[in-house]
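Only one structure is covered here, and it is reproduced in the block below.
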DNA sequence: CCGGACGCCTGTCGGC
DNA sequence: TGCCGACAGGCGTCCG
C-alpha cells in the first residue's frame, strides 16, 4: 500500500489523537511481521507519553521521552484510531492502548510491515541509516540525482525507487513522476542529463505533494488514521491504465516489467 | 560495487 | 462452481 503520501496521510490522521496520550499497554497478537516484534515493543512504552509523531521516508516514528517506536506499513499495513475497544479482526496484529481507553490499531494482512523500538533520542537504527534525502528537502535535487546516477546502467525507475536516492517513492509515484517528466521508465539512469533530472526532481515533488493533499492513493484497502481512503487514484495519469488512452496524447498506455514490477508509460510522451 | 532475482505473506481476480 | 496461476502499494538478502 503505502508510499510517502499514504504514510504522511496516516501520520497526519493519527497525530492529533495520540499526541500527549499515555500508553497503558501494548498488545501484540501476532509478532511475526517482516521482523519479529520483540519484547521491548511490548514492555517499554507502558506509562510513557507520546511526545511526537514524525515520519522518515516510509517509516512512522512515535516519539516518547528519550526513545521512539518505529512503524513501517509494508505493502498492506494501516494504522487506525479506535475510540474504544472493538474485537480485533484476523489481521489486527498490534494495539497500542492508551490510558483514556482509545487505541491505535495496526492491521496488516500480508505482514510485510514492521515495528521496532529505538532506544535513545537520536533515532539511530540500521534500517534508517542508509536512507537518502527526503524529497521535499533541499538535499534532494536534480543535481543530486544527476551526480549519483553517473555510470549507472540500471533503469531510471529502479534508480528513483531506491531509498538511497530519495525516500518515499514507490511503484505508483515513480510511474507517475516519470510520466510527468516525460522520461521512459526503462531508460538507463546514467544516460539522462542534468536538465531532465531537474524536471524529474520537480515532478517527484509535485506528484507527492498533490497526492498528500488528496489523502494518498487507495487502490484497494488503504485508509488513513481515521479510516478514510485517499482520493488520488482519480488523478493517476498512467499507473494501472495499461491499454487506456494517454490523457495527454491519446495513444494507448503500455506496460512492461522493471524489476518484477509493472511499469505503465506512454511511448509517445515518454522517451 | 552494481544490478537483478528471490522470498516473505494473504487476498483477489481472471481464465479455464 | 471450483481450481490455479498471476498479481498486488516494500524491501532486505543473496548471487553472479
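Numbering (this note's numbering), first residue to last: 511 to 781.
All residues carry an ideal CB built from backbone N, CA and C; glycine is no exception.
Close-in-space but distant-in-sequence residues of the same chain around residue i (CB under 7 Å, 5 per side omitted)
i	result
residue 550	627
residue 765	752, 772, 773 and 774
Host alpha helix (DSSP H) of residue i (start-end)
i	result
residue 527	514-528
residue 710	704-723
residue 690	681-691
residue 669	666-671
Identity of the residues DSSP links to residue i by a beta bridge
i	result
residue 591	614
residue 755	762
residue 732	Answer is none; residue 732 lacks a bridge partner.
residue 774	765
Exposed unless 16 or more other CB atoms sit within 10 angstroms - verdict on residue i
i	result
residue 781	exposed
residue 632	exposed
residue 733	buried
residue 647	exposed
residue 513	buried
residue 640	exposed
Nonlocal neighbours in the same chain, by C-beta distance under 6 Å from residue i, ignoring five residues either side
i	result
residue 609	532 and 534
residue 707	652, 655 and 656
Nonlocal neighbours in the same chain, by C-beta distance under 8 Å from residue i, ignoring five residues either side
i	result
residue 563	521, 524, 525, 528, 529, 570, 571, 572 and 573
residue 595	611 and 613
residue 544	582, 584, 621, 622, 623 and 624
C-beta atoms of residue i and residue j nearer than 8 Å
i	j	result
residue 617	residue 587	yes
residue 598	residue 539	yes
residue 591	residue 696	no
residue 645	residue 715	yes
residue 679	residue 642	no
residue 683	residue 721	yes
Limits of the unbroken beta strand (DSSP E) element including residue i
i	result
residue 786	With the chain covering 511 to 781 only, the question about residue 786 has no answer from this structure.
residue 553	Careful: residue 553 lies outside any beta strand (DSSP E), inside the alpha helix (DSSP H) at 549-553.
residue 535	533-538
residue 646	No beta strand (DSSP E) contains residue 646, which DSSP labels as neither H nor E.
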